[in-house]
Structure formats: structure tokens, C-alpha cells
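Per numbering that gives the first Met the number 0, residue 0 is the first one in the sequence shown, and the count goes up by one each step.
One structure below.
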Amino acid sequence: MSHEANSLKSIFFALGANVAIAIAKFIAAFISGSGSMMAEAIHSAADSTNQLLLLLGLKHAKTPPNQEYPLGYGKAIYFWSFIVAVMLFSIGGLFSIYEGYHKLHSTEELELPYIAVGVLIFSMFAEGTALFGAIREVKKDLHGRTFWNWFKTTKRSELLILVSEDTAALIGLTFALFAILLTVFTGNPVYDAIGSIFIGSLLVIVAILVGKQIMSLLIGSGVEDYKEKEYVAKLESYEDIEKILGIKTLQLGKDVMLSVKAKMIVFDSSIKMIDSINKIEADMKREFPEIMWSFFEPDYEKNKD
0 MSHEANSLKS
10 IFFALGANVA
20 IAIAKFIAAF
30 ISGSGSMMAE
40 AIHSAADSTN
50 QLLLLLGLKH
60 AKTPPNQEYP
70 LGYGKAIYFW
80 SFIVAVMLFS
90 IGGLFSIYEG
100 YHKLHSTEEL
110 ELPYIAVGVL
120 IFSMFAEGTA
130 LFGAIREVKK
140 DLHGRTFWNW
150 FKTTKRSELL
160 ILVSEDTAAL
170 IGLTFALFAI
180 LLTVFTGNPV
190 YDAIGSIFIG
200 SLLVIVAILV
210 GKQIMSLLIG
220 SGVEDYKEKE
230 YVAKLESYED
240 IEKILGIKTL
250 QLGKDVMLSV
260 KAKMIVFDSS
270 IKMIDSINKI
280 EADMKREFPE
290 IMWSFFEPDY
300 EKNKD
């Protein structure tokens, strides 16, 4: 289910790009005095921290199950993704709004604004490259869904964060460039201040949208619809299963817990039925490597449980 190596590659690439971009933006912001550029510098610094937290989350999620956490630590990546979405995005957004509000009352002109323009253009290229790489990974996980449906239903929180922050970064960079150019051409610094406020508002909106999606993963959601249909289709193909009475799934990071209730054919003995169930569970895990835990309950009819 999860292309973890590809996710790691995308995170490392985005981390390197954002560190370089953040340094360039901070230098340009101090030289030019641009509020929009300072907002963008804070944004890139926050993005760099985001990637570090995602790496921490992926490492934490690999911790093997133990007596205290029998289902493992897979959902740790959701926790760190939620921290990224709610805390860092929001803090970056609120700081940018404050910076813009402060600049609204300033009459200082930008110094060497074309340095800021050059840095923004470089940043747009770097962020665009990072976004292209993230989208390439998302396409592998679409399975017939639109990008918007993927955003609303994906269980790949690390990819969700990368795509969201790269998209927000590109939009913010475009508006920052537009705001600085307006300030240069008109000599009115209010446009630069408005640019900073817009960037901050964009980050807050992204934080709310992404945070809401990841919250559902923290609470505990099942696998995507297409994946559940694949499970059911495979289970129905076994000759020893007469009817599927119900299945329940739980997404635990890259791992999945599967619970099956099924009406079995009549066996000569309970031992033979147990052997059949064991073979079915083993085959399901071979077919779907993401299934880490499987619970199979034979029954006669579907009930409320």
C-alpha cells in the first residue's frame, strides 16, 4: 500500500530545497525589508521543520509492537503530521499575518527589491520541482480517484503534508512576487503588507483543511473504499467461504488491521475449518502485504456485532 522509500525520497528532497530557500529568503528579507519576503522566509523555515517532523514520525512508526502497544506504532506518523498541520502551519500563518499588519503602518520603502524578486523566482522553480515530485508519487496512489478525492480520502499523511505545503508555497510565492512588484512600481509599501497577510491567511486555511483530514486518521479510519473492495473480492474467491457477512478495517500508518466475519462451507471437523481459515489469512497477507493483523470469525449469519 505505502511506497515508503518514495515518500522518504520526496521528504529528503523537499527538506534540502526548503533549507536552501529559507536561507535565501531570510537574507533577501533583511536586505530588502520586505514583509512578504519575511513571511515567505518564515514559511520555508516552517516547511523545513515539517519535513524533519515527518522523518521523525516515519521512524517512530517503525517501532515494533509490544505488550503495551500490541498493534504497533504505525499511527505515530499521523500524530506528527497533525503537529505539522496544526502547529507549524498555523504559527507560520499567524506570524505572517502579524508581520503584514505591522507593515501596514510602516512607510519605509523596500531596499534592493530586485534581490527579493530574484530569490522568489528561484524559490518558485525549486518549489515547483518539489511539487512535481510529490504529485508523481500521488499519481501512484490515485487508483481512479481525482486529486481532490485523494486529498479527502488518502491515508498517506506524509504525502498529504508534502503536496499541501508545496502547493501553498507556490501560491504564496506567486502572490509575494506580485506584491513586491506592485510595491516597486507604485512606491506604496501597503501592497507588500497585503501580500504578507494573504500568505499568512493561506497557511491558516491549509492548516485547517489538512488538520481536519489527519484528525480522522488519528481517531481511527478504515482503508480506502477501493482497497476494501479488493479485500472483499479476494475473500469471495475462496471456495471454503460461502458468504462474507462483514469486514472491518483499521488503518495504522502503512499497516492495516483486517477483521472478517464469514459463513464457511460445512467441514467434516472443526480442525479442517481452522486449517482452512489459517490458509486464507496467510494467503490474504501474501496478496496484500499491508495487512499486518488479521482476525477471522466464522459465523452463521450477519449480526449487529
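For every residue, glycine included, the Cβ atom is placed at its ideal position computed from N, Cα and C.
As assigned by DSSP and simplified to three states, the class of residue 294: Numbered from its first residue, the sequence shown carries residue 294 at position 295. Strand, per DSSP.
Beta-carbon separation (whole angstroms), residue 35 vs residue 178, contact threshold 8 Å: Sequence index remark: in the sequence shown, residue 35 carries index 36 (1-based). Sequence index remark: in the sequence shown, residue 178 carries index 179 (1-based). Indeed, because the Cβ distance is near 5 Å, the residues count as touching under 8 Å.
Element boundaries [alpha helix (DSSP H), containing residue 62]: Within the sequence shown, residue 62 is the residue found at index 63, counting from 1. From DSSP, residue 62 is part of no alpha helix (DSSP H); its letter is neither H nor E.
CA-to-CA distance, residue 104 to residue 97, given in whole angstroms: Here the question's residue 97 lines up with position 98 in the sequence shown. Here the question's residue 104 lines up with position 105 in the sequence shown. Straight-line Cα distance between these residues: approximately 12 Å.
Rounded C-alpha distance that separates residue 13 from residue 294: For this step, residue 13 is matched to residue 14 along the sequence shown. For this step, residue 294 is matched to residue 295 along the sequence shown. Roughly 39 Å separates the two Cα atoms.
Neighbour-count burial assignment, residue 197, 16 or more Cβ in a 10 Å radius: Counting from 1 along the sequence shown, the entry for residue 197 is found at position 198. Residue 197 is buried by the Cβ-count criterion.
Within 9 Å, strictly: CB atoms of residue 289 and residue 253: Here residue 289 refers to the residue found at position 290 when the sequence shown is read from its first residue. Here residue 253 refers to the residue found at position 254 when the sequence shown is read from its first residue. Yes; because the gap between Cβ atoms is below 9 Å, this pair is in contact.
Option in 10, 219, 168 and 215 with minimal Cα separation from residue 205: Counting from one through the sequence shown, the residue named residue 205 turns up at place 206. Residue 205 has its Cα closest to that of 168, out of 10, 219, 168 and 215.
Continuous beta strand (DSSP E) stretch holding residue 255: start and end: By one-based count along the sequence shown, residue 255 stands at place 256. Segment 254-263, the beta strand (DSSP E) holding residue 255.
Residue 165 to residue 99 span [Cα, whole Å]: On the sequence shown, position 166 is the one that residue 165 refers to. On the sequence shown, position 100 is the one that residue 99 refers to. When the Cα atoms are used, residue 165 and residue 99 turn out to be separated by approximately 22 Å.
Between the CA atoms of residue 158 and residue 232 - distance to the nearest angstrom: For the purposes of this step, residue 232 is taken as residue 233 along the sequence shown, with counting starting at 1. For the purposes of this step, residue 158 is taken as residue 159 along the sequence shown, with counting starting at 1. So the two alpha carbons sit approximately 28 Å from each other.
Rounded C-alpha distance that separates residue 322 from residue 156: Here the chain covers residues 0 to 304 and nothing more, so residue 322 does not appear.
Integer-rounded CB distance, given that residue 191 should sit under 8 Å from residue 284: For the purposes of this step, residue 284 is taken as residue 285 along the sequence shown, with counting starting at 1. For the purposes of this step, residue 191 is taken as residue 192 along the sequence shown, with counting starting at 1. The pair is not a contact, with the Cβ atoms about 57 Å apart (cut-off 8 Å).
Identity of the residue in 33, 8 and 245 nearest residue 299 by Cα: As a first step, residue 299 is located in the sequence shown; it is residue number 300 there, counting from the start. Nearest option by C-alpha distance: 245.
Which listed residue (161, 203 and 91) has its alpha carbon closest to that of residue 9: The residue given as residue 9 occupies position 10 in the sequence shown. Nearest option by C-alpha distance: 161.
Stretch-stretch touch, CB-based, cutoff 8 Å, three pairs: the segment 40-56 with the segment 20-31: yes
Whole-angstrom C-beta distance between residue 116 and residue 176, which should lie under 8 Å: On the sequence shown, residue 176 is found 177 positions in, with the first residue counted as 1. On the sequence shown, residue 116 is found 117 positions in, with the first residue counted as 1. The Cβ separation is near 7 Å, so the contact holds.
Rounded C-alpha distance that separates residue 217 from residue 228: The sequence position of residue 217 within the sequence shown is 218, counting from 1. The sequence position of residue 228 within the sequence shown is 229, counting from 1. In this model, residue 217 and residue 228 are separated by some 23 Å (Cα to Cα).
Per-residue burial, residue 16 [other beta carbons within 10 Å of its own, 16 or more giving buried]: Taking the sequence shown and counting its residues from 1, the one referred to as residue 16 is at position 17. The residue is buried, with at least 16 neighbouring Cβ atoms inside 10 Å.
Cβ neighbours of residue 181 in the same chain (closer than 6 Å, five flanking residues each side left out): Numbered from 1 along the sequence shown, position 182 holds the residue referred to as residue 181. Closer than 6 Å at Cβ, skipping near neighbours: 190.
Span separating the alpha-carbon of residue 239 from that of residue 92: Working through the sequence shown from its first residue, we reach residue 239 at position 240. Working through the sequence shown from its first residue, we reach residue 92 at position 93. Note on geometry: alpha-carbon atoms of residue 239 and residue 92 lie some 57 Å from one another.
Beta-carbon proximity check, residue 70 vs residue 201, cutoff 9 Å: Your numbering for residue 70 matches position 71 in the sequence shown. Your numbering for residue 201 matches position 202 in the sequence shown. Cβ atoms of residue 70 and residue 201: not closer than 9 Å.
Whole-angstrom distance between residue 75 and residue 220, CA atom to CA atom: Translated into positions along the sequence shown, residue 220 becomes position 221. Translated into positions along the sequence shown, residue 75 becomes position 76. Between residue 220 and residue 75, the C-alpha separation is close to 14 Å.
Residue 235 vs residue 172 beta-carbon contact at 9 Å: To locate residue 235, count along the sequence shown from 1; it is residue 236. To locate residue 172, count along the sequence shown from 1; it is residue 173. No, the Cβ-Cβ distance between residue 235 and residue 172 is not below 9 Å.
Residue 38 and residue 143 closer than 9 Å at C-beta: Here the question's residue 38 lines up with position 39 in the sequence shown. Here the question's residue 143 lines up with position 144 in the sequence shown. Taking 9 Å as the Cβ cut-off, residue 38 and residue 143 do not qualify as a contacting pair.
Top-ranked residue by Cα proximity to residue 277, from 163, 237, 80 and 247: On the sequence shown, position 278 is the one that residue 277 refers to. Nearest option by C-alpha distance: 237.
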